[in-house]
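Given below as structure tokens:
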């Protein structure tokens with residue numbers, strides 16, 4: 001029996017940013033269900049743990065108008081995942097859903113429904129935001145202080161768990177067999193349905209949750225925040241982290257940091273899967289892969305995209321600049337309102353960033369477009385299938401990650417090649433499943449122990465009862 | 001012209017009778033599964049039903065006399081919009097009309113969820129718009145005290161319907177251009193912000209979802225009371241009335257809708273469906289006995305609790321009733337099967353062929369497979385932002 005750590009893979013549906021090359025000849029509709037169906041079935045063919053979907057709450061804007069250079073428009077996350085429940089059998093379905101512009105009882109009801117419809121394959125990527133830009137599409141507007149984002153998210157998750165726990169597994173009796181066709185029994189045992197009575201800083205929720213207990217009870221909780229607070233939230237609540245750290249040393253440092261945090265809240269390091277999002281360019285040789293990578297990056301950064309990218313940093317209209325010419329000599333505008341909205345800002349120190357780009361451009365004689373290609377196309381793996389399989393294996397064995405969220409360049413066929421070429425090599429290495437376990441929940445597919453609530457409760461019980469009991473309860477939950 | 005009445009089946013739990021689960025067999029154990037919903041909806045789809053509605057609420061179920069949850073009947077439910085999406089890939093022609101409340105929910109999520117259903121089903125989505133009047137639901141959200149009067153709830157719902165409709169129109173059909181030369185994926189002049197600010201809610205931006213196959217999925221509203229009827233005429237494309245409830249005659253209810261349309265200055269004559277609860281038996285006597293047995297198990301007559309007529313009937317009786325309703329000017333019926341799957345199966349397997357034989361419906365084989373608006377005889381949704389075609393005459397329409 002192999003003792004090697006097993007690789008976990010997730011598939012990111014191509015998103016609404018310039019990673020996705022919509023100009024590709026084979027690119028298809030980003031909204032047609034057939035695209036989602038192909039993508040999901042293909043990920044399932046490759047035995048992926050789950051499919052991952054982002055969420056849109058407002059179309060992105062640049063210079064006060066809808067940003068028109070990337071893919072624009074996507075489905076409602078929950079609705080399309082429910083539809084995918086109907087065409088998949090094994091793969092987990094994970095949706096990104098806000099805690100700010102949703103209410104707990106409604107979202108908990110929808111997620112419990114998804115978990116029922118998938119027989120236990122639902123997951124929730126918890127995200128927070130607080131800005132008035134997104135808020136303008138919702139009843140309460142930008143109501144939440146930035147500082148309260150994680151407070152609300154924390155209480156939202158805790159309250160959702162109360163709601164999901166409120167029906168006991170045996171609450172529905174519905175025993176039509178005993179006592180004849182018109183038995184006088186009850187449909188459900190009222191004493192096994194517990195009303196929720198929650199009063200906290202963010203929520204006051206009282207009453208009976210509408211959905212019976214779902215197969216996983218709680219959908220798998222995924223978290224992507226990278227800030228200190230985000231990491232703490234993940235350590236306390238998450239079962240999967242969708243991380244940004246793909247460079248080996250950086251990934252390993254992140255892995256250590258988060259697993260240390262886990263231990264501080266009483267969780268073991270096996271209770272969380274850390275999966276960075278990464279792109280993969282596969283070639284027949286190293287040179288071929290490099291060439292393909294260059295072509296992809298050039299397609300990702302059209303002339304208009306290169307200017308728009310600079311504008312996000314300069315915070316100025318740069319449309320008069322020639323993309324094949326040098327960087328603007330004009331300084332960025334620090335004072336004006338941000339011209340880009342609806343997109344996470346990754347840059348804090350603009351002057352330093354701009355200086356480093358100018359230095360790079362000068363040293364290597366890069367045009368605007370060359371520079372943007374260099375600095376904006378994200379870290380990913382480039383090489384032959386066997387090189388990529390070896391790298392994935394190395395990252396996982398050396399605890400830099402537990403696997404990856406594969407982010408394809410094209411919709412919907414961008415994942416096919418990975419499934420055809422890399423997956424078999426991972427299987428040969430003995431680090432990847434040959435089939436799904438029949439009837440496995442997403443939590444089981446991810447090799448996660450029981451829900452976090454169970455684990456923490458068990459740890460407390462074990463601590464109270466001493467070491468002998470600890471071993472026993474761990475065995476029960478494993 | 002050969003007649004073609006509209007036939008809609010109203011799905012909820014094990015059926016509309018509180019004791020229905022007792023005769024549902026093993027189905028009663030799996031009401032929360034995709035398998036159950038797929039079985040029921042696929043049968044309706046294959047046998048030619050025009051649409052199914054799916055009930056929903058934020059409550060776990062009805063209350064008993066002591067105001068607590070009544071667990072002698074089905075409690076617990078799934079989200080109707082998600083159920084509709086989940087069954088969509090397994091169906092080909094049937095309209096999918098989930099109930100989605102607008103009282104505590106976000107119009108933006110409601111709009112995008114229904115647009116997605118329309119994309120997934122290739123134009124078969126509808127929306128049963130509903131308000132959530134109970135204090136129980138308000139307490140589960142905890143955002144407002146509850147106990148709002150009906151006028152306030154309907155007023156808010158009118159605003160929500162308007163916002164949703166604007167969001168549905170926010171992308172022109174041809175907004176996606178994929179113009180490689182200029183690097184533009186969309187033509188942003190073809191996407192329009194909702195820019196709605198009402199008394200109860202406001203939404204600024206455009207939908208995140210490109211225009212769906214129907215543009216605006218048809219909206220259904222239940223008009224079981226005068227204020228609900230007024231709301232339905234303002235907000236809905238299809239009106240469901242409840243003959244026999246509150247002593248109202250079918251003819252009067254239809255007249256009321258037509259008058260309300262006139263008062264509203266609307267020149268659209270909405271399809272009106274008679275909403276009837278049915279138990280279908282092999283004979284009138286058998287049906288009556290079966291209903292009596294269910295009523296006995298429930299401890300009271302369902303007819304006393306329903307907001308529409310409860311009929312223990314047979315297929316021939318139903319055919320003749322539907323023929324009469326058709327004669328009065330009804331577009332068709334929405335039938336609430338008292339028992340699922342017993343009565344939903346009878347509707348699909350027995351009533352549909354009988355209606356064909358009676359000349360009230362085209363044969364399933366010759367039935368047009370079209371989007372739901374077309375099946376319901378509703379004109380295609382023209383976007384409020386669509387520019388008039390060149391050479392067309394502009395017509396003044398009073399608001």
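Residue numbers (the numbering used here), protein chains in the order written: chain A, 1 to 478; chain B, 1 to 399.
For every residue, glycine included, the Cβ atom is placed at its ideal position computed from N, Cα and C.
Quickly, what does DSSP pair residue i with across the bridge? List them, please.
{"i": "residue 277 of chain A", "result": "A/405"}
{"i": "residue 383 of chain A", "result": "A/282"}
{"i": "residue 378 of chain B", "result": "Paired residues: none, contrary to the question."}
{"i": "residue 53 of chain A", "result": "A/95"}
{"i": "residue 101 of chain B", "result": "B/130"}
{"i": "residue 124 of chain A", "result": "A/95 and A/221"}
{"i": "residue 178 of chain B", "result": "Partner(s): none; residue 178 of chain B has no beta bridge."}
{"i": "residue 203 of chain B", "result": "B/196"}
{"i": "residue 185 of chain B", "result": "None, per the DSSP bridge assignment."}
{"i": "residue 147 of chain B", "result": "Its beta-bridge partners do not exist; DSSP assigns none."}
Taking residue i as part of the beta strand (DSSP E), name the residues at either end of that continuous run.
{"i": "residue 114 of chain B", "result": "Unbroken run through residue 114 of chain B is the alpha helix (DSSP H), 107-120; no beta strand (DSSP E)."}
{"i": "residue 8 of chain A", "result": "8-12"}
{"i": "residue 76 of chain A", "result": "Premise fails: residue 76 of chain A is in no beta strand (DSSP E) and is neither H nor E."}
{"i": "residue 207 of chain A", "result": "204-207"}
{"i": "residue 357 of chain B", "result": "No beta strand (DSSP E) holds residue 357 of chain B; the alpha helix (DSSP H) holding it covers 352-357."}
{"i": "residue 9 of chain B", "result": "6-11"}
{"i": "residue 220 of chain B", "result": "219-223"}
DSSP on residue i, reduced to helix/strand/coil?
{"i": "residue 187 of chain A", "result": "coil"}
{"i": "residue 85 of chain B", "result": "helix"}
{"i": "residue 410 of chain A", "result": "coil"}
{"i": "residue 403 of chain B", "result": "Absent from the model: residue 403 of chain B. The displayed extent of chain B is 1 to 399, so no value can be given."}
{"i": "residue 164 of chain A", "result": "helix"}
{"i": "residue 230 of chain A", "result": "helix"}
{"i": "residue 1 of chain A", "result": "Because the pLDDT of residue 1 of chain A is 49, which lies under 50, any placement of that residue in the model is unreliable, and the question is left without a value."}
{"i": "residue 127 of chain B", "result": "strand"}
{"i": "residue 61 of chain A", "result": "strand"}
{"i": "residue 268 of chain A", "result": "coil"}
{"i": "residue 244 of chain B", "result": "coil"}
{"i": "residue 17 of chain B", "result": "coil"}
{"i": "residue 139 of chain A", "result": "coil"}
{"i": "residue 179 of chain A", "result": "Bear in mind that a pLDDT of 47 at residue 179 of chain A, under 50, signals an unreliable position, so the model cannot answer this."}
{"i": "residue 197 of chain A", "result": "strand"}
{"i": "residue 445 of chain A", "result": "helix"}
{"i": "residue 138 of chain B", "result": "helix"}
{"i": "residue 33 of chain A", "result": "helix"}
{"i": "residue 276 of chain B", "result": "strand"}
{"i": "residue 20 of chain A", "result": "coil"}
{"i": "residue 243 of chain A", "result": "strand"}
Does any CB atom of chain B fall closer than 8 Å to the CB of residue i?
{"i": "residue 23 of chain A", "result": "yes"}
{"i": "residue 303 of chain A", "result": "yes"}
{"i": "residue 116 of chain A", "result": "yes"}
{"i": "residue 212 of chain A", "result": "yes"}
{"i": "residue 240 of chain A", "result": "no"}
{"i": "residue 247 of chain A", "result": "no"}
{"i": "residue 310 of chain A", "result": "no"}
{"i": "residue 217 of chain A", "result": "no"}
Give a yes or no on whether 8 Å exceeds the smallest Cβ distance from residue i to chain A.
{"i": "residue 16 of chain B", "result": "no"}
{"i": "residue 204 of chain B", "result": "yes"}
{"i": "residue 29 of chain B", "result": "yes"}
{"i": "residue 283 of chain B", "result": "no"}
{"i": "residue 105 of chain B", "result": "yes"}
{"i": "residue 127 of chain B", "result": "no"}
{"i": "residue 383 of chain B", "result": "no"}
{"i": "residue 74 of chain B", "result": "yes"}
So the alpha helix (DSSP H) residue i belongs to, where does it begin and stop?
{"i": "residue 418 of chain A", "result": "416-428"}
{"i": "residue 261 of chain A", "result": "248-264"}
{"i": "residue 231 of chain B", "result": "226-235"}
{"i": "residue 40 of chain B", "result": "34-46"}
{"i": "residue 52 of chain B", "result": "Not the alpha helix (DSSP H): residue 52 of chain B falls in the beta strand (DSSP E), residues 51-54."}
Ranges of the alpha helix (DSSP H) found wholly within the segment 281-348 of chain B, counting only runs of at least 4:
When DSSP assignments are scanned along the segment 281-348 of chain B, the uninterrupted stretches of alpha helix (DSSP H) that are 4 or more residues long and fall wholly within it turn out to be 284-298, 315-328 and 342-346.
Unbroken stretches of the beta strand (DSSP E), 3 residues or longer, contained in the segment 321-401 of chain A:
Correct list: 380-384.
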